[in-house]
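All remarks here apply to the structure that follows.
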Amino acid sequence: MDNTAKLWDVETGEELVTLTAHKAEVLCVCFNTVGNQLITGSFDHKVVIWEVPSGRLVHTLQDHLAEISNVQFNWDCSLIVSASMDHTCKLWEASSGKCLATLEGHKEELLDACFDLTGQLVATASADGTAQVFSADTYKHLLTLKGHEGEISKVCFNPQSTRLLTASSDHTARLWDIRTGECLQVLRGHTDEIFSCAFNYEGDIIITGSKDNTCRLWY
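If you use the numbering used here, the sequence shown corresponds to residues 77 to 295, in order.
See below:
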């Protein structure tokens, strides 16, 4: 762990720039959809916005009280969401670096957070075994999703913003209705923790990745 992030040229494989501002491990990175900015989240409790490809530091976001577990831009690049081990999620204005809201409600560490494709919803995943959904516009808490018997390590929306997918250490993934909070399906088959999950672009196929050394496709 050298506390840095690096930009690489995809065609040549050459290193373009090393991003040095963090004082602890860099755990998560995310480009914006335009490709002109990058964010990094670190165990030093900070999120940094960088200019691409110059590597110039644009803003340092530092209101969290513990390690950052994930960061993401919304689709129009105006907002950033950060999840932290301090049990909170924060929304930031990308242009100014200002903290707009702190989204609270979880009893343990947050392991993931994400926007839906419209940028109007935020979902969080926690070691307390629940996922929560918030409005990115009003910051209001909308749903708490309960059912997993272990921590939730990953959460993602389908492209239509009607379903939420959660992956858990209880060896299952769950599919939820965003409007009602109802669990629609429990995806069973893995024999160990599920660390990752995603929808395809059409939203009709799910992939899960597990500590059991397998990935599974679900139709």
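Built from N, CA and C at the ideal position, the CB exists for glycine as well.
| Item | Value |
| --- | --- |
| What separation, rounded to the nearest whole angstrom, lies between the Cα atoms of VAL93 and THR136? | 18 Å |
| Where does LYS230 fall in DSSP's three states? | strand |
| What is the DSSP secondary structure of CYS273, counted as helix, strand or coil? | strand |
| So if DSSP puts ILE33 in a beta bridge, which residue, or which two residues, is it bridged to? | Not covered by the structure: residue 33. The range shown for the chain is 77 to 295. |
| Just verifying my parser: in three-state terms, what is the DSSP assignment at THR328? | Absent from the model: residue 328. The displayed extent of the chain is 77 to 295, so no value can be given. |
| By Cβ distance, which residues of its chain are closer than 8 Å to GLN138, with the 5 residues on each side in sequence left out? | HIS121, LYS122, VAL123 |
| Could you check which residue in TRP252, GLU278, THR242 has the C-alpha nearest to that of THR284? | THR242 |
| Give me the Cα-Cα distance between HIS140 and HIS182, rounded to the nearest whole angstrom. | 15 Å |
| How close, in whole Å, do the beta carbons of CYS190 and CYS232 come, if the pair is a contact with beta carbons under 8 Å? | 6 Å |
| What is the DSSP secondary structure of LYS166, counted as helix, strand or coil? | strand |
| Suppose the cutoff is 6 Å on Cβ atoms and the five residues either side in sequence are ignored; what does the same chain contact list for GLU143 look like? | PHE119, MET161 |
| In chain order, which continuous runs of the beta strand (DSSP E) of length 3 or greater are located wholly inside the region 193-274? | 197-202, 207-211, 217-221, 228-233, 239-244, 249-253, 259-263 |
| Identify whether THR109 lies in helix, strand or coil by the three-state DSSP scheme. | coil |
| So is ILE281 buried or exposed if we call it buried at 16+ other beta carbons inside 10 Å? | exposed |
| Residue range of the beta strand (DSSP E) that TRP151 falls in? | Taken as a continuous stretch (DSSP letters only), TRP151 belongs to no beta strand (DSSP E), as it is neither H nor E. |
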